[in-house]
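*Asks:* These protein sequences, in sequence, are chains A and B. Under my numbering, the first sequence is numbered contiguously, ending at residue 301. Under my numbering, the second sequence is numbered contiguously, ending at residue 602. Every residue, glycine too, gets a C-beta built ideally from N, C-alpha and C. A quick note: this is a predicted structure, and the numbers were derived from the prediction, not measured.
2 protein chains.
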Amino acid sequence: MIKITFLGTSGSVPTKSRSLPSVAVTYEGKTLLFDCGEGTQRQAMRYGINISSIKAIFITHMHLDHVIGIAGLVRTLALYRRTEPLYVFVPKGEEKGITALLNFDKALISYKIIIKPVKAGEVFEDKEFSVDAIKLNHTVPAYGYVFKERDKLRFMKERCRSLGIKGRMFSELLKRKSIRLKNGKTVRIGEVTYTEKGMRIAYVTDSRPSKDVEKAARGVELLIHEATFADAHRKLAIERKHSTAREAAEVAKSAGAKRLLLFHFSVRYKNTATLIKEAKKVFENVQAAKDGMEIVLQKGT
Amino acid sequence: MIKITFLGTSGSVPTKSRSLPSVAVTYEGKTLLFDCGEGTQRQAMRYGINISSIKAIFITHMHLDHVIGIAGLVRTLALYRRTEPLYVFVPKGEEKGITALLNFDKALISYKIIIKPVKAGEVFEDKEFSVDAIKLNHTVPAYGYVFKERDKLRFMKERCRSLGIKGRMFSELLKRKSIRLKNGKTVRIGEVTYTEKGMRIAYVTDSRPSKDVEKAARGVELLIHEATFADAHRKLAIERKHSTAREAAEVAKSAGAKRLLLFHFSVRYKNTATLIKEAKKVFENVQAAKDGMEIVLQKGT
Numbered sequence: 001m002i003k004i005t006f007l008g009t010s011g012s013v014p015t016k017s018r019s020l021p022s023v024a025v026t027y028e029g030k031t032l033l034f035d036c037g038e039g040t041q042r043q044a045m046r047y048g049i050n051i052s053s054i055k056a057i058f059i060t061h062m063h064l065d066h067v068i069g070i071a072g073l074v075r076t077l078a079l080y081r082r083t084e085p086l087y088v089f090v091p092k093g094e095e096k097g098i099t100a101l102l103n104f105d106k107a108l109i110s111y112k113i114i115i116k117p118v119k120a121g122e123v124f125e126d127k128e129f130s131v132d133a134i135k136l137n138h139t140v141p142a143y144g145y146v147f148k149e150r151d152k153l154r155f156m157k158e159r160c161r162s163l164g165i166k167g168r169m170f171s172e173l174l175k176r177k178s179i180r181l182k183n184g185k186t187v188r189i190g191e192v193t194y195t196e197k198g199m200r201i202a203y204v205t206d207s208r209p210s211k212d213v214e215k216a217a218r219g220v221e222l223l224i225h226e227a228t229f230a231d232a233h234r235k236l237a238i239e240r241k242h243s244t245a246r247e248a249a250e251v252a253k254s255a256g257a258k259r260l261l262l263f264h265f266s267v268r269y270k271n272t273a274t275l276i277k278e279a280k281k282v283f284e285n286v287q288a289a290k291d292g293m294e295i296v297l298q299k300g301t
Numbered sequence: 302m303i304k305i306t307f308l309g310t311s312g313s314v315p316t317k318s319r320s321l322p323s324v325a326v327t328y329e330g331k332t333l334l335f336d337c338g339e340g341t342q343r344q345a346m347r348y349g350i351n352i353s354s355i356k357a358i359f360i361t362h363m364h365l366d367h368v369i370g371i372a373g374l375v376r377t378l379a380l381y382r383r384t385e386p387l388y389v390f391v392p393k394g395e396e397k398g399i400t401a402l403l404n405f406d407k408a409l410i411s412y413k414i415i416i417k418p419v420k421a422g423e424v425f426e427d428k429e430f431s432v433d434a435i436k437l438n439h440t441v442p443a444y445g446y447v448f449k450e451r452d453k454l455r456f457m458k459e460r461c462r463s464l465g466i467k468g469r470m471f472s473e474l475l476k477r478k479s480i481r482l483k484n485g486k487t488v489r490i491g492e493v494t495y496t497e498k499g500m501r502i503a504y505v506t507d508s509r510p511s512k513d514v515e516k517a518a519r520g521v522e523l524l525i526h527e528a529t530f531a532d533a534h535r536k537l538a539i540e541r542k543h544s545t546a547r548e549a550a551e552v553a554k555s556a557g558a559k560r561l562l563l564f565h566f567s568v569r570y571k572n573t574a575t576l577i578k579e580a581k582k583v584f585e586n587v588q589a590a591k592d593g594m595e596i597v598l599q600k601g602t
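Structure below.
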């Protein structure tokens, strides 16, 4: 089960109902944070994310509205007496800027902050998942991220039952790759297992629509994509290197994403109706994210 | 009329109900901000403060929880196309730190930000009010501030009526300092006016209780004072150079303040009952500030 929590869904400027960009992905008790706009630590408290469970923070780019919240967050974690290291991913070349921010008031940080420069490709791996970076097309170096649950080996329950495989035999099969049954026959693990493909989530902001994203987000369960502008402001989108809602939908369609969540809306739109309408013309399974929105992905659901 | 709005009342770490320190003082359509913790711009939106009306920001000290919000705020003001200069007051010596923060992502700031180093004494003056800085006693250079409404010359309404002073005669009196009545007698302005003392508000955080504060806050209408700890943690208060609620009350009492509002509470206290109880033993007119609390001061009320 992967839980996605939208902590901030506004672009550039917060509003009463939308905080600045941050999305939490929680998996097996571990949380990854994608971007960390101003107010993220408080949004996390408000929406039930235990900030101590944050293992790594992935910053898309160094515009202030995507990153400044990290300063307060790391300090609060220190006051909470964290000892575990925290990984912070930033576009390569931005190590100095993030370091200055993290050391801003020389707060005594009680744990290690490991700053990792990002280039396109796999940037993080854990036992249960990995994270890839995708080069984006913005006014400053920027990377999107793909969270990838690892593929899992699953036993074919029916077949195992019919062969009499039960109890400790499963762990033995996993360990030895084969097992001898009571009837003397040997069963290899491949005969009674299948691979369950891991689920994937792509997080993309700020960027013009991108072929790299289409490729990296091929078939993802969930594409979270910026939609700063509506069609009426497409010129602005091009000029400021953002995407319209329709363009985000086109990316989702080309990538064959299963579901699209739009966020990072310009405050010029009182609501998201127009954006969603324009996106739906291209891609049906689209919604506007809201602060506090939770999405749970479960295999087979 | 002076309106005080508490935008953030927590200390060090935010909670679901308390944002990081910031207090807005609005007077004659102009707003002064005292401290600017993370999330201040959004708190201002939430609680009806027009951020474009902010003329000056007074930072007590450069600990991150009191200042980081300024980075997002100045950027939002630029996106709102501000042209008017913004004054930012920081303890002398901290000019470089605040400049780095203001220039963090090299956002195009469309207006002038005038950084003013603070020493004890008057630091800001406007037609209708001035602001004094008070040296505090914290772990880093820190200043409290006293907002001072200017004294006003008021006409004695009854006496003016009985002398037949009316209409344009008032402005003539103000201009020439005296006026000749119909009966040939001359009236000097001092005979028909009195001075209405301006109201004052002191904002004090972070600090041990201080004689300088007692002096500067003599007779203030409102003392806003930090109360990080309860009696039980007085040792911690001394060690970390903060105040207990009781100590804040002692300052209010010695200063002869009319009213005390406590804020900047440690998150270790689930509520403020103990803090208020301990403060009340020393000073009766005390309350715990809450986020969004508004206090309106009006002469004669």
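Helix, strand or coil for B/L482, going by three-state DSSP, please let me know.
*Replies:* The count along the second sequence starts at 1 and reaches residue 482 of chain B at position 181. Correct three-state label for B/L482: coil.
*Asks:* Relative to chain B, which residues along the segment 91-111 of chain A have a C-beta separation below 8 angstroms, given in chain order?
*Replies:* If the cut-off is 8 angstroms between Cβ atoms, the segment 91-111 of chain A has G97, A100, L101, F104, D105 and A107 near chain B.
*Asks:* If you draw a straight line from the C-alpha of B/R535 to the C-alpha of A/A252, how long is it?
*Replies:* In the second sequence, residue 535 of chain B corresponds to position 234, counting from 1. In the first sequence, residue 252 of chain A corresponds to position 252, counting from 1. Answer to the nearest angstrom: the Cα atoms are 58 angstroms apart.
*Asks:* Within 8 angstroms (strictly less), CB to CB, does A/H233 reach chain B?
*Replies:* Numbered from 1 along the first sequence, position 233 holds the residue referred to as residue 233 of chain A. No, A/H233 does not count as interfacial toward chain B.
*Asks:* Judging by CA-CA distance, which residue of A/G121, A/E250 and A/L153 is the nearest neighbour of A/V131?
*Replies:* As a first step, residue 131 of chain A must be located in the first sequence, where it is residue number 131. Selected option, being the one with the closest Cα: A/G121.
*Asks:* For the segment 111-125 of chain A and the segment 153-161 of chain A, state whether three or more C-beta atom pairs, one from each stretch, are separated by less than 8 angstroms.
*Replies:* No, the segment 111-125 of chain A does not touch the segment 153-161 of chain A.
*Asks:* Does the segment 336-354 of chain B touch the segment 367-382 of chain B, meaning 3 or more C-beta pairs lie closer than 8 angstroms?
*Replies:* Yes: at least three Cβ pairs fall under 8 angstroms.
*Asks:* How many Å lie between A/G97 and B/V521 at the Cα?
*Replies:* Taking the first sequence and counting its residues from 1, the one referred to as residue 97 of chain A is at position 97. Taking the second sequence and counting its residues from 1, the one referred to as residue 521 of chain B is at position 220. Rounded to whole angstroms, A/G97 to B/V521 spans 43 angstroms at the Cα level.
*Asks:* Just to check my reading of the structure: A/Q287 and A/L261 have Cβ atoms closer than 8 angstroms, yes? What is that Cβ distance to the nearest angstrom?
*Replies:* Along the first sequence, read from residue 1 onward, the residue named residue 287 of chain A stands at position 287. Along the first sequence, read from residue 1 onward, the residue named residue 261 of chain A stands at position 261. Indeed they touch by this definition, with Cβ atoms about 6 angstroms apart.
*Asks:* Using 10 angstroms around the beta-carbon of A/T301, count the other beta-carbons present and answer buried if the total reaches 16, otherwise exposed.
*Replies:* By one-based count along the first sequence, residue 301 of chain A stands at place 301. For A/T301, the pLDDT reaches just 47, beneath the cut-off of 50, and the residue's location in the model is therefore unreliable, leaving the point undetermined.
*Asks:* Would A/S266 pass as an interface residue toward chain B - the criterion being a Cβ-Cβ separation below 8 angstroms?
*Replies:* The count along the first sequence starts at 1 and reaches residue 266 of chain A at position 266. By this cut-off, A/S266 is not an interface position.
*Asks:* Have a look at B/K512 and B/K542 and give me their C-alpha separation to the nearest angstrom.
*Replies:* For the purposes of this step, residue 512 of chain B is taken as the residue at position 211 of the second sequence. For the purposes of this step, residue 542 of chain B is taken as the residue at position 241 of the second sequence. Cα to Cα, B/K512 sits roughly 14 angstroms from B/K542.
*Asks:* Just curious, the beta strand (DSSP E) that A/E122 is in, first and last residue?
*Replies:* Taking the first residue of the first sequence as position 1, residue 122 of chain A is located at position 122. Counting along the chain, the beta strand (DSSP E) containing A/E122 begins and ends at G121 to E125.
*Asks:* Beta-carbon of B/T494 versus every beta-carbon of chain A: anything under 8 angstroms?
*Replies:* For this step, residue 494 of chain B is matched to residue 193 along the second sequence. It does not: the Cβ of B/T494 has no partner Cβ on chain A nearer than 8 angstroms.
*Asks:* Under 7 angstroms Cβ-Cβ, which residues of chain A neighbour B/V314?
*Replies:* Start at 1 with the first residue of the second sequence, and residue 314 of chain B comes out as number 13. Result: T76 and L79.
*Asks:* Is it the case that the segment 440-453 of chain B contacts the segment 462-478 of chain B, given that we only count it when at least three CB pairs across the two stretches are under 8 angstroms?
*Replies:* The answer is no - the segment 440-453 of chain B does not touch the segment 462-478 of chain B, with fewer than three Cβ pairs under 8 angstroms.
*Asks:* Would you list, in sequence order, the uninterrupted beta strand (DSSP E) runs of no fewer than 3 residues that lie entirely inside the segment 411-478 of chain B?
*Replies:* With a minimum length of 3 residues, the continuous beta strand (DSSP E) runs that stay inside the segment 411-478 of chain B are 414-419, 422-426, 430-436, 444-450 and 453-456.
*Asks:* What residues are listed by DSSP as bridge partners for A/S22?
*Replies:* On the first sequence, residue 22 of chain A is found 22 positions in, with the first residue counted as 1. Bridge partners of A/S22: A/G8.
*Asks:* Check A/A227 in the structure and name its three-state DSSP category.
*Replies:* Here residue 227 of chain A refers to the residue found at position 227 when the first sequence is read from its first residue. In this structure, A/A227 counts as coil in the three-state DSSP scheme.
*Asks:* In this structure, does DSSP put A/V251 in helix, strand or coil?
*Replies:* As a position in the first sequence, residue 251 of chain A is number 251, starting the count at 1. Residue state, collapsed to three classes: helix.
*Asks:* Does A/Q43 come out as helix, strand or coil in the three-state DSSP assignment?
*Replies:* In the first sequence, residue 43 of chain A corresponds to position 43, counting from 1. Helix, per DSSP.
*Asks:* Within its chain, find whatever has a CB closer than 8 angstroms to the CB of B/G394; leave out the 5 residues flanking it on each side and keep chain order.
*Replies:* If you number the second sequence from 1, residue 394 of chain B lands on position 93. The answer, listed in chain order, is P418 and P442.
*Asks:* To which residues of the same chain is B/E532 closer than 7 angstroms at the C-beta, ignoring the five residues directly before and after it?
*Replies:* Start at 1 with the first residue of the second sequence, and residue 532 of chain B comes out as number 231. The displayed chain sequence assigns Asp, not Glu, to residue 532 of chain B. Around B/D532: T545, R547 and E579.
*Asks:* Contact defined as beta carbons within less than 8 angstroms: I believe A/L86 pairs with A/I51. What is the distance between those atoms, to the nearest angstrom?
*Replies:* As a working note, residue 86 of chain A is residue 86 in the first sequence. As a working note, residue 51 of chain A is residue 51 in the first sequence. Actually they are not in contact, since the Cβ atoms of A/L86 and A/I51 sit about 10 angstroms apart, beyond 8 angstroms.
*Asks:* Which whole-angstrom value is the C-beta distance of B/L524 and B/A574, which I expect to be below 8 angstroms?
*Replies:* Mapped onto the second sequence, residue 524 of chain B falls at position 223. Mapped onto the second sequence, residue 574 of chain B falls at position 273. The Cβ separation is near 21 angstroms, so there is no contact.
*Asks:* Under 7 angstroms between beta-carbons, which chain B residues line up against A/H63? List them in chain order, please.
*Replies:* Within the first sequence, the letter at position 63 stands for residue 63 of chain A. Correct list: D406.
*Asks:* Using 10 angstroms around the beta-carbon of A/A248, count the other beta-carbons present and answer buried if the total reaches 16, otherwise exposed.
*Replies:* Taking the first sequence and counting its residues from 1, the one referred to as residue 248 of chain A is at position 248. A/A248 should be labelled buried.
*Asks:* In chain order, what residues of the same chain have a beta carbon less than 6 angstroms from the beta carbon of B/A517, not counting five sequence neighbours either side?
*Replies:* On the second sequence, residue 517 of chain B is found 216 positions in, with the first residue counted as 1. So the qualifying residues of the chain are I435 and V447.
*Asks:* Taking just the CA atoms, how far does B/G445 sit from B/T327?
*Replies:* Position 26 of the second sequence holds residue 327 of chain B. Position 144 of the second sequence holds residue 445 of chain B. Looking at the two C-alpha atoms, the distance is approximately 18 angstroms.
*Asks:* Using beta carbons (cut-off 8 angstroms, strictly below), is A/K16 in contact with chain B?
*Replies:* For the purposes of this step, residue 16 of chain A is taken as residue 16 along the first sequence, with counting starting at 1. Chain B, which has a Cβ nearer than 8 angstroms to the Cβ of A/K16, makes this yes.
*Asks:* Name the chain B residues that come within less than 7 angstroms of A/G39, Cβ to Cβ?
*Replies:* As a first step, residue 39 of chain A is located in the first sequence; it is residue number 39 there, counting from the start. Within 7 angstroms Cβ-Cβ: E339, G340 and R343.
*Asks:* Cβ closer than 9 angstroms: which chain B residues qualify as neighbours of A/I295?
*Replies:* Looking up residue 295 of chain A in the first sequence gives position 295. The premise fails here: A/I295 is roughly 22 angstroms from chain B at the closest Cβ pair, so nothing lies under 9 angstroms.
*Asks:* Would a C-beta distance cut-off of 8 angstroms place A/T31 and A/I49 closer than the cut-off?
*Replies:* Along the first sequence, one-based indexing puts residue 31 of chain A at 31. Along the first sequence, one-based indexing puts residue 49 of chain A at 49. For A/T31 and A/I49, yes; Cβs fall inside 8 angstroms.
*Asks:* When you compare the CB of B/G330 with every CB in chain A, is at least one pair closer than 8 angstroms?
*Replies:* What you label residue 330 of chain B is simply residue 29 of the second sequence in a count that begins at 1. Not an interface residue.
*Asks:* Below 9 angstroms on C-beta distance, what does B/A443 contact in chain A?
*Replies:* Locating residue 443 of chain B in the second sequence gives position 142, counting from the first residue. Near B/A443 there are no residues of chain A at all, since even the closest Cβ is about 12 angstroms away, more than 9 angstroms.
*Asks:* Would you tell me roughly how many angstroms separate the C-alpha atoms of B/F530 and A/T99, rounded to the nearest one?
*Replies:* Taking the second sequence and counting its residues from 1, the one referred to as residue 530 of chain B is at position 229. Taking the first sequence and counting its residues from 1, the one referred to as residue 99 of chain A is at position 99. Answer to the nearest angstrom: the Cα atoms are 32 angstroms apart.
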